[in-house]
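K.L.:
Quick note: the sequence shown uses the numbering used here, first residue 619, plus one each step.
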Amino acid sequence: MPRIQIDPNIIDSFKCALHETVTRSTMPAKQIADRLGVAYRTLLEYCDEASPSNLPSRYLPGLLAIADNPALIVYLAHQANRVTYPVPVGATASDHAMGALLRETGEALQEVSAALSDGELRKDELDRCTKQLEEVAGAATSAIEVLRRRVRAPEPVAPWLRAAGQR
């Protein structure tokens with residue numbers, strides 16, 4: 619099987635993003651290494667642009683979950699022409715629905731951009747874009763309702779606690 623050649627500029631950028639993620643996390647790099655199950659020096663070697671050692675892919679999910687610096691995931695998303703957004707800790711189903719809406723919106727806008735890229739819009743492209751945008755609009759309407767339900771009503775104030783002149 620032929621060996622795959624990897625562009626060294628991508629590796630350097632990956633290593634730079636990896637270094638940023640590991641060294642600028644609120645968790646010390648030593649603790650990140652311990653939680654990943656790798657030696658501290660080995661983790662630092664993976665981050666070193668001059669080192670021929672590369673982070674094995676099996677460590678990526680754990681690293682991305684442990685380190686609270688998003689530099690590496692943002693870099694990877696950028697390489698795949700994607701965007702990232704944070705999901706709050708303790709996210710509810712409606713938070714994940716909002717995330718899905720953001721993703722669908724991005725995909726719909728990407729479809730519109732692709733359709734317009736050649737300067738001509740065909741009927742099939744118009745139909746496809748219209749369908750996607752209408753789906754996003756429907757999802758957005760649902761999201762607005764979810765948000766409205768989550769708004770807390772103001773606490774009632776007892777009449778004797780109101781400031782003078784307020785009714």
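Where is the CB? At the ideal position from N, CA and C, for every residue including glycine.
Expressed to the nearest angstrom, what Euclidean distance is found between the alpha-carbon atoms of residue 664 and residue 738?
P.N.:
Mapped onto the sequence shown, residue 664 falls at position 46. Mapped onto the sequence shown, residue 738 falls at position 120. Rounded to the nearest angstrom, the two C-alpha atoms are 47 Å apart.
K.L.:
Going straight from the alpha carbon of residue 647 to that of residue 691, what length do you get?
P.N.:
Your numbering for residue 647 matches position 29 in the sequence shown. Your numbering for residue 691 matches position 73 in the sequence shown. Taking the straight line from one Cα to the other gives about 17 Å.
K.L.:
Leaving out five residues on either side along the sequence, give the residues of the same chain with a beta carbon under 7 Å from the beta carbon of residue 682.
P.N.:
Locating residue 682 in the sequence shown gives position 64, where the first residue counts as 1. The residues are 690 and 691.
K.L.:
Taking C-alpha atoms, which residue in 765, 718 and 747 lies nearest to residue 731?
P.N.:
Your numbering for residue 731 matches position 113 in the sequence shown. Ranking the options by Cα distance to residue 731, first place goes to 747.
K.L.:
Taking just the CA atoms, how far does residue 636 sit from residue 673?
P.N.:
Mapped onto the sequence shown, residue 673 falls at position 55. Mapped onto the sequence shown, residue 636 falls at position 18. In a straight line, the C-alpha of residue 673 is about 9 Å away from that of residue 636.
K.L.:
Where does residue 645 fall in DSSP's three states?
P.N.:
Translated into the one-based positions of the sequence shown, residue 645 becomes position 27. Coil at residue 645, not helix or strand.
K.L.:
Just to confirm the assignment, what range does the alpha helix (DSSP H) spanning residue 656 have?
P.N.:
On the sequence shown, position 38 is the one that residue 656 refers to. Premise fails: residue 656 is in no alpha helix (DSSP H) and is neither H nor E.
K.L.:
How is the alpha helix (DSSP H) around residue 702 delimited, first residue to last?
P.N.:
Numbered from its first residue, the sequence shown carries residue 702 at position 84. Here residue 702 belongs to no alpha helix (DSSP H), and DSSP marks it neither H nor E.
K.L.:
Do residue 751 and residue 733 come within 7 Å of each other at the CB atom, strictly closer than that value?
P.N.:
The residue you call residue 733 lines up with position 115 of the sequence shown. The residue you call residue 751 lines up with position 133 of the sequence shown. No. Outside cutoff.
K.L.:
Within its chain, find whatever has a CB closer than 6 Å to the CB of residue 645; leave out the 5 residues flanking it on each side and keep chain order.
P.N.:
Locating residue 645 in the sequence shown gives position 27, counting from the first residue. Cβ neighbours of residue 645 beyond the five flanking positions: none.
K.L.:
Under a three-way DSSP split, which group does residue 717 fall into?
P.N.:
Taking the first residue of the sequence shown as position 1, residue 717 is located at position 99. Three-state result, residue 717: helix.
K.L.:
If you draw a straight line from the C-alpha of residue 668 to the C-alpha of residue 643, how long is it?
P.N.:
Position 50 of the sequence shown holds residue 668. Position 25 of the sequence shown holds residue 643. Cα to Cα, residue 668 sits roughly 22 Å from residue 643.
K.L.:
So what's residue 685 in DSSP terms, helix, strand or just coil?
P.N.:
If you number the sequence shown from 1, residue 685 lands on position 67. Three-state DSSP puts residue 685 in coil, outside helix and strand.
K.L.:
Where does the unbroken alpha helix (DSSP H) through residue 760 begin, and where does it stop?
P.N.:
Within the sequence shown, the letter at position 142 stands for residue 760. Element bounds for residue 760: 741 to 768.
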